[in-house]
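Enquirer:
4 protein chains.
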Amino acid sequence: MSALPGGTAQRTARLTALVDPPPVPDASAPTRERLLFAAREVVEAGGYAGASVAAIALRAGVANGTLYRHFGSKAELFVEVFRDVCGREVAAMRAAVDAAGDDHVERVLAPLDLFSRRALQNRSLAWALLAEPVDALVDEVRLEYRRTYRELLSGVLREAIAAGALPPQDPDLTAAGLVGAVGEALVGPVSAAPGPPTATAGVPRRTAADGAHGPAGEDGDPDDALLAELDALCRRATGAAATVRADAPGQPR
Amino acid sequence: MSALPGGTAQRTARLTALVDPPPVPDASAPTRERLLFAAREVVEAGGYAGASVAAIALRAGVANGTLYRHFGSKAELFVEVFRDVCGREVAAMRAAVDAAGDDHVERVLAPLDLFSRRALQNRSLAWALLAEPVDALVDEVRLEYRRTYRELLSGVLREAIAAGALPPQDPDLTAAGLVGAVGEALVGPVSAAPGPPTATAGVPRRTAADGAHGPAGEDGDPDDALLAELDALCRRATGAAATVRADAPGQPR
Amino acid sequence: MSALPGGTAQRTARLTALVDPPPVPDASAPTRERLLFAAREVVEAGGYAGASVAAIALRAGVANGTLYRHFGSKAELFVEVFRDVCGREVAAMRAAVDAAGDDHVERVLAPLDLFSRRALQNRSLAWALLAEPVDALVDEVRLEYRRTYRELLSGVLREAIAAGALPPQDPDLTAAGLVGAVGEALVGPVSAAPGPPTATAGVPRRTAADGAHGPAGEDGDPDDALLAELDALCRRATGAAATVRADAPGQPR
Amino acid sequence: MSALPGGTAQRTARLTALVDPPPVPDASAPTRERLLFAAREVVEAGGYAGASVAAIALRAGVANGTLYRHFGSKAELFVEVFRDVCGREVAAMRAAVDAAGDDHVERVLAPLDLFSRRALQNRSLAWALLAEPVDALVDEVRLEYRRTYRELLSGVLREAIAAGALPPQDPDLTAAGLVGAVGEALVGPVSAAPGPPTATAGVPRRTAADGAHGPAGEDGDPDDALLAELDALCRRATGAAATVRADAPGQPR
DNA sequence: TATGAATGAGAATTCATTCAT
DNA sequence: AATGAATGAATTCTCATTCAT
Chain A
1 MSALPGGTAQ RTARLTALVD PPPVPDASAP TRERLLFAAR EVVEAGGYAG ASVAAIALRA
61 GVANGTLYRH FGSKAELFVE VFRDVCGREV AAMRAAVDAA GDDHVERVLA PLDLFSRRAL
121 QNRSLAWALL AEPVDALVDE VRLEYRRTYR ELLSGVLREA IAAGALPPQD PDLTAAGLVG
181 AVGEALVGPV SAAPGPPTAT AGVPRRTAAD GAHGPAGEDG DPDDALLAEL DALCRRATGA
241 AATVRADAPG QPR
Chain B
254 MSALPGGTAQ RTARLTALVD PPPVPDASAP TRERLLFAAR EVVEAGGYAG ASVAAIALRA
314 GVANGTLYRH FGSKAELFVE VFRDVCGREV AAMRAAVDAA GDDHVERVLA PLDLFSRRAL
374 QNRSLAWALL AEPVDALVDE VRLEYRRTYR ELLSGVLREA IAAGALPPQD PDLTAAGLVG
434 AVGEALVGPV SAAPGPPTAT AGVPRRTAAD GAHGPAGEDG DPDDALLAEL DALCRRATGA
494 AATVRADAPG QPR
Chain C
507 MSALPGGTAQ RTARLTALVD PPPVPDASAP TRERLLFAAR EVVEAGGYAG ASVAAIALRA
567 GVANGTLYRH FGSKAELFVE VFRDVCGREV AAMRAAVDAA GDDHVERVLA PLDLFSRRAL
627 QNRSLAWALL AEPVDALVDE VRLEYRRTYR ELLSGVLREA IAAGALPPQD PDLTAAGLVG
687 AVGEALVGPV SAAPGPPTAT AGVPRRTAAD GAHGPAGEDG DPDDALLAEL DALCRRATGA
747 AATVRADAPG QPR
Chain D
760 MSALPGGTAQ RTARLTALVD PPPVPDASAP TRERLLFAAR EVVEAGGYAG ASVAAIALRA
820 GVANGTLYRH FGSKAELFVE VFRDVCGREV AAMRAAVDAA GDDHVERVLA PLDLFSRRAL
880 QNRSLAWALL AEPVDALVDE VRLEYRRTYR ELLSGVLREA IAAGALPPQD PDLTAAGLVG
940 AVGEALVGPV SAAPGPPTAT AGVPRRTAAD GAHGPAGEDG DPDDALLAEL DALCRRATGA
1000 AATVRADAPG QPR
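Chains as they are written, first to last, in this note's numbering: chain A, 1 to 253; chain B, 254 to 506; chain C, 507 to 759; chain D, 760 to 1012.
1. Since residue 486/B contacts residue 155/A with CB under 8 Å, what's their CB separation in whole angstroms?
2. How should residue 673/C be labelled, buried or exposed, when 16 other C-beta atoms within 10 angstroms of its C-beta is the threshold for buried?
3. Using the three-state DSSP reduction, which class does residue 880/D fall into: helix, strand or coil?
4. Are any of the Cβ atoms in chain B nearer than 9 Å to that of residue 212/A?
5. Using 8 Å for Cβ pairs, my map puts residue 837/D next to residue 798/D. What's the rounded Cβ distance?
6. Nearest to residue 938/D by alpha carbon, out of 827/D, 907/D and 918/D?
7. Helix, strand or coil for residue 433/B per DSSP?
8. Helix, strand or coil for residue 588/C per DSSP?
9. Checking 9 Å against the spacing of the C-beta atoms, do residue 547/C and residue 575/C come in under that value?
10. Rounded to whole angstroms, what's the CA-CA distance from residue 422/B to residue 163/A? Just pull it up for me.
11. For residue 560/C, which residues in the same chain have their Cβ closer than 8 Å to its Cβ, ignoring the five residues on either side in sequence?
12. Run through chain A and tell me which residues come within less than 8 Å of residue 483/B, C-beta to C-beta.
13. Do the CB positions of residue 152/A and residue 94/A come within less than 9 Å of each other?
14. If you reduce the DSSP assignment to three classes, tell me which class residue 223/A lands in.
15. What does the alpha-carbon distance come out to for the pair residue 342/B and residue 315/B?
16. In angstroms with no decimal places, state the Cα-to-Cα distance between residue 900/D and residue 842/D.
17. May I ask you to list, following chain order, the residues of the segment 815-828 of chain D that have a beta carbon less than 7 Å from some beta carbon of chain C?
18. Cβ of residue 228/A within 9 Å of Cβ of residue 108/A?
19. On the criterion of 16 or more Cβ atoms from any shown chain inside 10 Å, does residue 622/C qualify as buried, or is it exposed?
20. Out of 732/C, 692/C and 743/C, which one is the CA nearest neighbour of residue 628/C?
21. I need the straight-line Cα distance from residue 681/C to residue 592/C, nearest angstrom please.
22. Could you check whether residue 687/C and residue 649/C sit closer than 9 Å to each other, using their CB atoms as the reference points?
23. Could you run through the segment 402-425 of chain B and flag, in chain order, every residue whose CB is less than 7 Å away from some CB of chain A?
24. Residues of chain C with CB under 8 Å from residue 943/D, in chain order?
25. Taking the alpha helix (DSSP H) that residue 306/B falls in, what are its first and last residues?
26. Using C-beta distances below 7 Å, list every residue in its chain close to residue 538/C, excluding the 5 sequence neighbours before and after it, in chain order.
27. So with Cβ pairs under 9 Å, would you call residue 112/A a contact of chain B?
28. Might you give, ordered along the chain, the residues of its own chain that have their beta carbon closer than 8 Å to the beta carbon of residue 507/B, omitting 5 neighbours on each side?
29. Between which two residues does the alpha helix (DSSP H) harbouring residue 289/B extend?
30. Would residue 370/B pass as an interface residue toward chain A - the criterion being a Cβ-Cβ separation below 9 Å?
31. Helix, strand or coil for residue 673/C per DSSP?
32. List, in chain order, every chain A residue whose beta-carbon is nearer than 8 Å to that of residue 490/B.
33. State yes or no: is the beta carbon of residue 732/C nearer than 9 Å to at least one beta carbon in chain D?
34. Does DSSP classify residue 68/A as helix, strand or coil?
35. Determine whether the Cβ of residue 551/C lies closer than 9 Å to any Cβ atom of chain D.
36. Under 8 Å by Cβ, that's how I've got residue 582/C and residue 643/C pegged, so tell me the actual separation to the nearest angstrom.
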């Protein structure tokens, strides 16, 4: 869709490589790790609703009680799960920012694009991370994550505004708005089929690698079109469209 | 904040009047109403997690069993709560659109502004209505409501795009993004006090844009500043800023 | 089926006339009667399981509370229902005995035949009367009824034995056995479709002797065949077959 | 009572040995067994009406929730109870048939005698097994059992009829009638102490044939007299008395 | 460390009974 | 007499947590 260097397709090609080494579902891994991994799997498969202690222990191949050897409570286990996942997400986004180089606008859009792609790849988990309510303890971590997330975004926004690459605006609010916009567009619909859809759980439908090819515009892949439209929306919302590129996707003429 | 006719302040002045008569938490009101009201209160106070039949009945001042004289199940009670609240919300937004007259951009921004204001007034409920997962039955209503909501927005967006008042864009995605942006900026932080906060229920607190600054500064009410910034964000996100008004709040130059 | 005077067919023709005037389901009947009738209807339709106070009151066209104006409790209502029905049954059976004249064997078989026919006509009610467990209070009435029933039978049995029309035997045990045999053959299968069959309520279906055969074959109505076989069974069980009639249905040669 | 070889007394002497080892009500037995046993005890004591999960758990000396570790639901627990008991009953009856050798009449009467004896030993349980309505799931098992039961009887009846040892008759109806006769004579009266009697559970009391008389008189145990009379009744009902033995108990001449 | 059976508080729901009108 | 809304104890079932082995 975008013919310019730094368009969504290229960004992905570059950044997917930077992403975390997937956490090992090892067979004879330390029990603690197996539990963390199992908890994540179970949440991805059925949301918190299905994430009973019994289900997690079963998946981890240990007894119920064993969980309490390693975590003070179910909530504490999930706090850790969240920290793990969120940490990785934020790290990947930071990497995306760094990889964007000096282009201020790109430093804003690149992490958003990454966020979109990753959320698209695992809607259930994204839903759980972003919205699904759980325990008070876990919610605190979620808030922490959202805050970190926003701060990262508002940081680059602030720089871009200071550099005149983006128009004056409240960077915190814009950051929040961007996260919300992308989240709603991506995971919101997930909640349509209430909760993280069980039926399609574990069946990774779109993959970034799958659609990571060529200019997205002429591509039939609906996810690519969606990502391109999201990029355009973020561009407009930040004011990047008006100042930087007159021919951005979704722009008049 | 906006010096133009139809700015957020005026809009509110006009529209708040159209809004529903707040349902009475009457003492000796019909039990059915007391239950509906209690259910809403309990959800506002503690989310669905805390909204047990016992809690609702206690709050309504009736016995547990009484609930079942008036509603087939807990889920049916909540369906009704949702329909009540959502119906009012959508009606108010439609009224806001109508009141906006022929100005295409205004017809988009006015309902968003109203949405923001109302969400700001009751964050916990907004959160529950927008995101918190519940029963399948209730989720259906929520989906219905979200769809109606987006359709309303994408409708006016479509008209505005067709009329050339806004740049070409996917109206559905923009609608989702707008809702998400506003929601995140307003209700997302609610989860800060884990779950919809019990203690602070109904006490509007500052959110994302705590460090609000810029042209909205001269306004005393921090919420007004927030709303003004949100208005600017929406303006940019829809492309209204670029095409229509070069001096809108949060715009360069 | 039986060519002899006093065969099952004739007995019925004679006795159906003697039967009680069916209790009036009157519209503006005294409330008390309406409740009794409604209770019976509801039990017939869905067994005790479905016979809630609410269901009965609804059917009677009165409020729940009204029931307690006329009966001390639900159990007391059913005691009365039982007494009504059972009283009528026993009265009809006494009439059948009287109508049988001096034939000792016939005085035993006639009430059994009547019992069979009536149970066949309303299996659900029969099941409820004979077997379905309810309240302690009601069970007492049921026992009373069974006792009366047996006493009536053992009375005529005793006479027949004394007169030499039947071989020596314990009349009480034979009476119990006869009631049980007929009951099992008729209502037992009803419980197959667990509880009184709701769907087929009032629709007399074939029972145990579906593969009826032998001399009863020329009769088209399966119920008639069943009744004939039952008659033969009772004849044998009482010893009537051996002493009185060599050519009775179900008898050798 | 019977002077012939194969009379009820001998049958019992032979067959009681074949009977199941009574399931142990052990103190520190595996919980699952304790629950099964407790369920049976509670049903015997108060019928299904009193067999709440709480009552069973209490009797088993475990918490309510423990039941669900061992059985999927209350109904599944009872299905197992039924299968246990019924399986044993049918097996014992089959053994009784086998032990009866080639005597066709004996092959019919022996299992009935066994049935009588066992029912006499535990009337409450027999009542619950035969008649008391419960859950749909459990009723299926009951139906299964009754069918097996009747098939066993009608099988030997059919053989006996074919061999000319019994007069022509509908074997299915006779089988049902025999079960009903014996059941009524034995378990019917149980409902006297409303519901299966709590206080007298396990205490065999006299039944229908309280006024027992005739040839059984010389026997000391009233239950033996009852069994002898029942044997005579079954003999007559099947036609065995008329065709085979002119001097059977309860027969003239 | 690990186990997994046991726990028990709490969930939604039902229904005979009461009582102010 | 009649109403019918309200009651509240009882039901089955769930699940995070504990603890003896």
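Built from N, CA and C at the ideal position, the CB exists for glycine as well.
As the structure is a computational prediction, the values presented were derived from the model and not from experiment.
Expert: Answer, in terms of the structure:
1. At roughly 18 Å, the Cβ-Cβ gap does not stay under 8 Å, so residue 486/B and residue 155/A are not in contact.
2. buried
3. helix
4. At residue 212/A the pLDDT is 35, less than 50, meaning the model places this residue with poor confidence; the figure from the coordinates comes in the next sentence. By this cut-off, residue 212/A is not an interface position.
5. 6 Å
6. 907/D
7. helix
8. helix
9. Their beta carbons are not under 9 Å apart, which means residue 547/C does not touch residue 575/C by this criterion.
10. So the two alpha carbons sit approximately 28 Å from each other.
11. Only 570 meet the Cβ criterion.
12. 173 and 177
13. Pairing residue 152/A with residue 94/A gives a Cβ-Cβ distance under 9 Å.
14. Here residue 223/A sits in helix by DSSP.
15. 29 Å
16. 7 Å
17. none
18. no
19. buried
20. For the residues 732/C, 692/C and 743/C, the minimum Cα distance to residue 628/C belongs to 692/C.
21. 17 Å
22. No, these two residues do not count as a Cβ contact at 9 Å.
23. 420, 421, 422 and 423
24. 682, 683, 685, 686, 687, 689 and 690
25. For residue 306/B, the uninterrupted alpha helix (DSSP H) segment begins and ends at 306-313.
26. 576
27. no
28. Any answer about residue 507/B is impossible in this case: the structure gives chain B only from 254 up to 506.
29. Start and end: 284-299.
30. no
31. coil
32. In chain order: 177, 181, 233, 236 and 237.
33. yes
34. helix
35. At a cut-off of 9 Å between C-beta atoms, residue 551/C does not count as an interface residue with respect to chain D.
36. 7 Å
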